[in-house]
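Engineer:
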Amino acid sequence: MRPSRRTAVLVLAAAVSLLFAWSLDSAPALFLAGSILGLVALRAFLFLHAAGTVASSVRVARRATPFIIRQGSPVTVTCTVHFLLPPGLRADVSDVPPPGAPLTKGSVTAGNTLPGSHDITLAYGISCISCGRLSFGGVDIVLHDPFFSLLLPFRGGNFSVPTLLVDPVGRFRAGDGSGIVGEKDTEARRLLRGYGIRSFRGYMPGDDPRTIDWKLTAKHGKLFVREYAGMTGKSPLLVVDLPDSAMPCPVPLRDAVLGSALDAAREMCRMPRGCSLMVICGPNLLSFLPNERSSARLERALREYSSPQQVSRCYRALDPAVAEVFRQRLGESGVSGNDDFSRKLAEVYSAFIPAMEPLPFEVQCARALARQGDTALHVLSTGWGDTSHLAILGLQARRRGVDARIGIPDSVVSPDLLRRLKGCGYSVVRVMA
Amino acid sequence: MLAAVPAVWLASVIALFGTPLFPLALAAGVLPAVSGLVVFSFFPDEAALFLFGQPVVFLSWYASPLLATALESVFIVAFLVSAGDTGVRRVVVPAIVLVSVSGFFALFISGHRHVLLPLVLLLSVCMIAMLAILGTASHLIHRVAGGLHEAPGRK
Chain B
8 MRPSRRTAVL VLAAAVSLLF AWSLDSAPAL FLAGSILGLV ALRAFLFLHA
58 AGTVASSVRV ARRATPFIIR QGSPVTVTCT VHFLLPPGLR ADVSDVPPPG
108 APLTKGSVTA GNTLPGSHDI TLAYGISCIS CGRLSFGGVD IVLHDPFFSL
158 LLPFRGGNFS VPTLLVDPVG RFRAGDGSGI VGEKDTEARR LLRGYGIRSF
208 RGYMPGDDPR TIDWKLTAKH GKLFVREYAG MTGKSPLLVV DLPDSAMPCP
258 VPLRDAVLGS ALDAAREMCR MPRGCSLMVI CGPNLLSFLP NERSSARLER
308 ALREYSSPQQ VSRCYRALDP AVAEVFRQRL GESGVSGNDD FSRKLAEVYS
358 AFIPAMEPLP FEVQCARALA RQGDTALHVL STGWGDTSHL AILGLQARRR
408 GVDARIGIPD SVVSPDLLRR LKGCGYSVVR VMA
Chain U
7 MLAAVPAVWL ASVIALFGTP LFPLALAAGV LPAVSGLVVF SFFPDEAALF
57 LFGQPVVFLS WYASPLLATA LESVFIVAFL VSAGDTGVRR VVVPAIVLVS
107 VSGFFALFIS GHRHVLLPLV LLLSVCMIAM LAILGTASHL IHRVAGGLHE
157 APGRK
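Heads up: the protein sequence lines correspond to chains B and U, in order. Position one of the first sequence corresponds to residue 8 (my numbering), numbered consecutively onward. Position one of the second sequence corresponds to residue 7 (my numbering), numbered consecutively onward.
What follows is the structure, encoded as structure tokens:
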């Protein structure tokens, strides 16, 4: 609550009068000071009473179109504020956009001085730079009268709706016709017809009339048909590796992976057999959607796990087959030389290899990859922390002859990481910008 | 407000006629009136006129404390009306309250030889009033910002 300049002058005059009364023992000066202060105090109480009346009458109806958007997309907001203004007050109404959403058009403020019931409509546009679930800040109403002004901040509840769902921008592109995401033309005839023309031949009864090439027909005087190339593709399995919420992970990394995953899911679900989605957090399977054609379900599955926790962890997990290879190499070097350490280490390997059991995550990956014969694995991961689970996934894909690719953000790329991932069975390690 | 200033001045001059303060009352009326007109012509402000009229009320105290109370009440009502307040609740009720309180305060002051005790009492009441005002404002702001409230339309 702020006093106006008029009020400040009156209070100053009262203070001067009080000082005068005290120093000169002047009764009339004291009386004047008391009268002025009494006037100011009474007006303050009346102002607060009127402000309470306004506060009790405020209602807000807000609409944002669209409310599921990508980072940076524009949103049109229409906010209607209803309130009752007593006589003698002036109101300035402001809508508070979500944080990280600067104003791009229109105005978020409007004023009114007439007493009575009002419905003020604010129409403006914002651009959502932040990601995630963004709620509106609320509504601010500043009340003025000749003596005081007061800011009433309406927050929470119906003053914050609707909530905007802002997805990070997908910065990863799977490639053009690579056979992992999307199909590619092939010379052989297939059930699915491609877009390219393989050859031309004479018309035979039963051919689709739509394949007749009229230009060639007109040139030679007899019917010719186009033979289209076949279309081949693989059923994509998209694996999204979300970072553990208990470990600090830079927000841009998570946004890069999530944005790319949403982009890839929207593209892959249009494939003939849809898209299979695995959401993991380290060696923990959070969600598996096989052959999903609904983009909404895929997006919901990706957004559902905003802060996943790694219940199970594997640190430098060793695959039994890899351990067996190590044991054999150690055994050969122990036999060939006088390397006592290698011999003893080989004995240790021999002791625990038979007792090694596959992790539940390995079993889950094997089942997911074995669902359909022709699968292409596409992994999106932050590459943050331990990458044993990525190695497990890559090895499972290599054993089944599944073409595996992985995408990681460029901020975590290192030569060592690239070498390890390629050694794990990933044919392509793509860097997300 | 422009009409109230000369009216109050005339009343004060009439009350002080024949007393040693009469010339001072004349001067106290003319100078503030001229100054007030000059200020008002360039920057209309009721608060300035209200303050320019206070010396007249100050001098009328020596004629009678009740006269000073009455003249101050006239000023206050004129000030409230000039500031845009209308109606019973915003003019009549505050005027009645202020006149009553001012009258009691004037009688209280006039019954004391020195102003120290009334001054201390006034300061104490002002502090309590200020705390009450700030507390009420804080409660209102807290209410609308998401605390306990009865505002409709909120979950």
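Just so you know, even glycine gets a beta-carbon here, dropped at the ideal spot from N, CA and C.
With a CB to CB cut of under 7 Å and the five nearest residues on each side skipped, what residues in its chain are close to B:N298?
Structural biologist: R280, G281 and S283
Engineer: Could you please tell me which residues of the stretch 60-72 of chain U, in chain order, have their CB closer than 7 Å to any CB of chain B?
Structural biologist: Considering only beta carbons, the part of the stretch 60-72 of chain U lying closer than 7 Å to chain B consists of Q60, V63, F64 and W67, in chain order.
Engineer: Hey, out of B:L171, B:C372, B:V409 and B:F231, whose CA is closest to B:P290's CA?
Structural biologist: The residue with the shortest Cα to Cα distance from B:P290 is B:C372.
Engineer: Show which residues of chain U have a CB atom less than 9 Å away from the CB atom of B:L305.
Structural biologist: Residues of chain U passing the Cβ test: none, with the nearest at roughly 31 Å.
Engineer: With DSSP run on the structure shown, which of helix, strand or coil describes B:V419?
Structural biologist: The three-state reading of DSSP puts B:V419 in helix, counting H, G and I together.
Engineer: Taking only beta-carbon positions, decide if B:M8 is within less than 9 Å of chain U.
Structural biologist: Closer than 9 Å: yes.
Engineer: For U:L57, would you say it is in contact with chain B, using Cβ-to-Cβ distances shorter than 9 Å as the test?
Structural biologist: yes
Engineer: Using 8 Å for Cβ pairs, my map puts B:L397 next to B:V409. What's the rounded Cβ distance?
Structural biologist: In fact, because the Cβ distance is near 14 Å, the residues do not count as touching under 8 Å.
Engineer: For the stretch 129-163 of chain B, list every residue whose C-beta sits within 7 Å of some C-beta in chain U, in sequence order.
Structural biologist: P153, L157, L159, P160, F161, R162 and G163
Engineer: Taking only beta-carbon atoms, is U:L16 less than 9 Å away from chain B?
Structural biologist: no
Engineer: Please state the DSSP three-state secondary structure of B:S314.
Structural biologist: Shown here, B:S314 sits in coil according to DSSP, grouped into three states, outside any helix or strand.
Engineer: In chain order, what residues of the same chain lie with their CB nearer than 6 Å to the CB of B:G107, ignoring the 5 residues before and after it?
Structural biologist: I136 and S137
Engineer: Within the 9 Å Cβ cut-off, does U:F28 reach chain B?
Structural biologist: no
Engineer: For the stretch 27-42 of chain B, list every residue whose C-beta sits within 8 Å of some C-beta in chain U, in sequence order.
Structural biologist: Residues of the stretch 27-42 of chain B with a C-beta less than 8 Å from any C-beta of chain U: A28, W29, D32, S33, A34, P35, A36, L37, F38, L39, A40, G41 and S42, listed in chain order.
Engineer: With distance defined between alpha-carbon atoms, name the residue in B:S421, B:R323 and B:P160 nearest to B:M8.
Structural biologist: B:P160
Engineer: Label B:W221 either buried or exposed according to how many other C-beta atoms from any shown protein chain fall within 10 Å of its C-beta, with 16 as the threshold for buried.
Structural biologist: exposed
Engineer: Let's see if you can read the secondary structure: which residues bound the alpha helix (DSSP H) around U:F85?
Structural biologist: P71 to S88
Engineer: Can you list, in chain order, the residues of its chain with a C-beta nearer than 6 Å to that of U:E52? Leave out the 5 residues immediately preceding and following it.
Structural biologist: M7, F85, S88 and A89
Engineer: Between B:S101 and chain U, is any beta-carbon pair separated by less than 9 Å?
Structural biologist: Closer than 9 Å: no.
Engineer: Start and end of the beta strand (DSSP E) containing B:V84?
Structural biologist: P81 to L92
Engineer: Indicate, with yes or no, if the ligand GDP has a heavy atom lying under 8 Å from the CB of B:R426.
Structural biologist: In the structure on display, the ligand GDP does not appear, and there are no ligands present to speak of.
Engineer: Among residues of its own chain, excluding the 5 on either side of B:V84, which ones have a beta-carbon nearer than 6 Å to its beta-carbon?
Structural biologist: A71 and Y131
Engineer: At least one CB of chain U closer than 9 Å to the CB of B:V16: is that the case?
Structural biologist: yes
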